[in-house]
Each structure stands twice: as C-alpha cells, then as structure tokens.
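Visitor: Attaching a single structure in structure tokens format; questions to follow.
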Amino acid sequence: MKAVRFHEFGGLEKLQYEDALVPKIGPSEVLVRVRACALNHLDIWARGGTRSDRIPLPHISGSDISGEISETGDLVHGHLKGEKVLVIPGISCGTCDYCSNGWDSLCESYKIVGYETQGGYAEYVAVPGANILPLPDKLDFDHAAAVPLVFVTAWHMLVTRAHLAPGETVLVWAAGSGVGSAAVQVAKLLGARVITTVGNDSKKEKALNLGADFVINHHSQDVPGEIKRITNGRKVNVVFDHVGEATWEKSMKSMAPAGRLVNCGVTSGGKAEIDIRYVFVKQFSLMGSYMGGRGELLKVLSFFEDGKLRPVVDSVFPLAEAAKAQERMERSEQFGKIVLKVP
Ligand SMILES: [Zn+2]
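Counting along the sequence shown from 1, when you hit position 277 you're at 294 in the numbering used here, and nothing is skipped either side.
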C-alpha cells in the first residue's frame with residue numbers, strides 16, 4: 018500500500034510517501050481502507066520526537082480516520098466488509114475503573130490511534146473492532162474525518178471538566194485551530210457567550226460565522242484589555258486553552274473570580290509561572306484535560322445529525338502531499354481542519 022511514514026524523528030523532510038506493507042489484523046481488529054484522515058498537532062509532535070519512546074518507528078501518523086471496512090477479525094461482530102466507518106481515536110481496555118466511568122483517557126492501556134499506534138496517513142489501517150463507528154449519515158469522508166479528536170477534546174474540556182453553563186462567558190484561544198473551531202461551537206451549543214481570538218484579521222469573519230460573539234486578534238490586540246472592555250470589567254468565567262506558555266499569563270489576567278482554566282495542550286511550550294496568591298484569593302480552578310471518552314464522542318456526534326455542530330474543513334490535500342499539509346499547520350495558516358484525501 019501507499020503510506021506516508023517517517024523512519025527517524027525530525028522536520029518535514031522526514032515524511033516519505035512510499036510503499037509499505039498492508040497491516041495484518043488480529044482477531045479483534047478491523048482493517049479499514051482509509052478514505053480521509055485529518056491532521057492534528059499531535060502528528061507534528063510525533064514527527065518531532067516529543068515522547069519518542071511511545072512512537073513506533075517507522076511511523077504512520079493520523080488519528081482522525083474515515084473509510085470503509087476491508088476485512089474483519091474472527092472475533093469482531095456487527096461489522097461488514099464495505100461498511101462506511103469513522104474511527105474512534107482513543108484505544109482503551111473498556112473495563113477498568115476509569116473506562117467504566119467515562120475517563121477512558123486515564124486508562125492504563127490508553128493509546129491514541131496514529132500516535133502510539135500506526136495511523137491513517139496510508140491506504141489501510143488496522144484498529145480494534147471496538148473503535149469502529151458507522152459514518153454519520155450527514156457527513157462525507159472528508160468532513161467526518163475532521164470531527165472526532167477535536168470535538169471529543171472540546172466536549173471533555175467544556176462539558177465534563179469546566180462545566181460551562183448557559184449565560185457564562187468563555188474565552189476560546191485560537192478559533193482557527195482545529196480544537197478552537199470545535200470549542201467555539203460547543204460553547205455556543207451550551208448557551209455561553211464566546212469571546213475568541215485569531216492571529217490574523219482574515220480569520221475574524223470565519224470565527225464570527227462559527228458563532229463567536231466577539232473576536233480579538235491575539236497578535237495585534239491586548240487580549241486581557243479587550244476582554245475587560247467587552248465584559249465591562251467582569252472578565253470571563255472559563256478559559257479554554259491549548260496554547261500554554263504564550264497564553265498563560267493573559268489567561269490568568271482574563272479570568273473573573275472563581276474562574277476555571279481548562280487546558281489540553283501546549284503548542285507554544287509547557288512552562289509557565291503561577292502566582293499562587295492570585296489563584297487562592299480569586300479562587301481559580303486550573304484543570305487539565307486529555308482527549309475524552311467513547312461516551313462523550315457518541316454524545317458530540319449526535320449534534321452533527323441536525324446540524325447543531327458542523328465540521329470545519331480548512332483544506333484537503335492528497336495523501337502524497339502530507340508534508341505540504343503539515344507545513345500549513347506549522348505556519349498556523351489554516352482555519353479548522355486540514356484533511357488528507359486517500360484515493
Ligand atoms: Zn481501561
């Protein structure tokens with residue numbers, strides 16, 4: 018089969034479009050003929066060698082996969098060859114305390130498809146039968162692939178962790194990122210007032226079209242100052258962050274008393290200072306979040322049926338141009354998800 022792989026960690030030039038063996042499936046696995054695979058920042062971390070001990074080499078990235086079933090293992094029931102499917106990006110045991118209570122990503126055996134396993138930058142991928150969902154009726158392959166990882170992450174952050182409530186105000190950093198474009202929509206669905214940011218004025222209109230109430234340019238404008246102005250000094254109840262170092266101090270300055278900051282990643286770096294006095298006096302909550310559970314993904318997918326949530330596809334590249342696609346993401350040129358089409 019054709020696949021995009023890297024054999025050693027490094028820059029974009031390490032990505033090679035080449036021939037690879039079609040994966041062999043185990044009895045509880047399914048072989049999926051990939052039709053589309055969306056990029057995530059995780060793919061760039063994997064290639065760069067962050068947590069390199071967890072990445073099998075040579076490596077095929079790609080966590081958000083749609084396609085058709087090509088083969089099923091003997092122990093897989095309820096799925097047929099040719100069925101159009103979406104892959105759940107998290108693999109967990111399904112039976113431990115954490116899995117049983119919806120905290121799948123805390124399972125000891127938790128793995129992300131295409132990060133700690135071989136992924137969807139290829140014509141075929143092997144995944145557990147338990148990770149197969151029918152392709153949502155309203156979505157084609159390209160749009161479906163743009164949904165799972167970022168929407169389950171945004172849902173887990175805003176609903177399960179931060180308990181964002183109707184009438185509250187939330188700051189969503191970087192609406193143009195995949196997870197930001199999902200968070201703006203989920204926050205509106207929950208009845209919150211959404212202030213978001215973009216790094217380029219040309220993205221403002223797109224953020225408003227997603228439902229954001231206010232958009233700030235985080236490069237040319239003073240974010241905490243603008244938030245104070247927009248909220249008449251009240252600031253925001255929840256901060257949705259996936260940037261880390263570059264946004265940390267601004268996030269702290271933007272939170273109202275009893276504010277909750279929820280973070281799922283650190284695209285700008287992971288070190289920040291905390292003035293603990295500020296945290297206890299203002300009674301802030303600082304929350305980590307990592308992916309989300311199977312149940313949360315099923316819940317969030319139900320909102321795509323009636324169009325209350327929609328995938329945001331920035332661009333579609335052929336599989337062979339995966340390096341170009343990752344370059345677009347590294348430069349933050351996208352608004353929403355970048356998708357690889359697999360012919
Ligand atoms: Zn488990």
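C-beta atoms are modelled at their ideal positions from N, C-alpha and C, and glycine is treated no differently.
1) Under 8 Å by Cβ, that's how I've got residue 81 and residue 55 pegged, so tell me the actual separation to the nearest angstrom.
2) How big is the Cα-Cα spacing for residue 153 and residue 123?
3) Taking only the alpha-carbon atoms, compute the straight-line gap between residue 301 and residue 148 and give it to the nearest angstrom.
4) Between residue 288 and residue 49, what straight-line distance do the alpha-carbon atoms span, to the nearest angstrom?
5) Does the separation of the CB atoms of residue 214 and residue 191 fall below 8 Å?
6) If residue 139 sits next to residue 77, beta carbons under 8 Å apart, how far is it from one beta carbon to the other, in whole angstroms?
7) Locate the beta strand (DSSP E) running through residue 196, then write down its first and last residues.
8) Beta carbon of residue 18, beta carbon of residue 39: below 8 Å?
9) Taking the beta strand (DSSP E) that residue 342 belongs to, which residues open and close that run?
10) Would you kindly work out how many angstroms separate the C-alpha atoms of residue 308 and residue 260, rounded to a whole number?
11) How many angstroms separate the CA atom of residue 159 from the CA atom of residue 277?
12) Hey, is residue 111 close to ligand 1, as in C-beta under 7 Å from one of its heavy atoms?
13) Below 7 Å CB to CB, which residues in the same chain sit around residue 243 once its five sequence neighbours on both sides are set aside?
14) Could you give the DSSP three-state label for residue 88: helix, strand or coil?
15) Whose CA, out of 68, 53, 348, 250, lies closest to the CA of residue 79?
16) At which residue ranges does the segment 255 to 315 contain complete alpha helix (DSSP H) runs of 4 or more residues, listed in the order of the chain?
Guide: A quick look at the data gives this:
1) Here residue 81 really is in contact with residue 55; their C-beta atoms are around 4 Å apart, less than 8 Å.
2) Near 27 Å, if we compare the C-alpha coordinates of residue 123 and residue 153.
3) Going by the C-alpha atoms only, they are around 36 Å apart.
4) Rounded to whole angstroms, the gap between the alpha carbons of residue 288 and residue 49 is 39 Å.
5) Remark: C-beta atoms of residue 214 and residue 191 approach each other more closely than 8 Å.
6) Going by Cβ atoms, the distance from residue 139 to residue 77 rounds to 5 Å, so yes, they are a contact pair.
7) No beta strand (DSSP E) contains residue 196, which is instead part of the alpha helix (DSSP H) from 195 to 206.
8) Contact annotation: residue 18 and residue 39 have beta-carbon atoms nearer than 8 Å.
9) Annotation for residue 342: no beta strand (DSSP E) segment contains it, though the alpha helix (DSSP H) segment containing it runs 339 to 347.
10) Roughly 15 Å between the two C-alpha positions.
11) Taking the CA atoms as reference points, residue 159 sits about 34 Å from residue 277.
12) At a cut-off of 7 Å, the beta-carbon of residue 111 counts as near ligand 1: some heavy atom of the ligand is closer than that.
13) The answer, listed in chain order, is 233.
14) Three-state DSSP puts residue 88 in a strand.
15) Checked all of 68, 53, 348, 250; the closest Cα to residue 79 is 53.
16) Listed in chain order, the complete alpha helix (DSSP H) runs (minimum 4 residues) inside the segment 255 to 315 are 262 to 271, 293 to 299.
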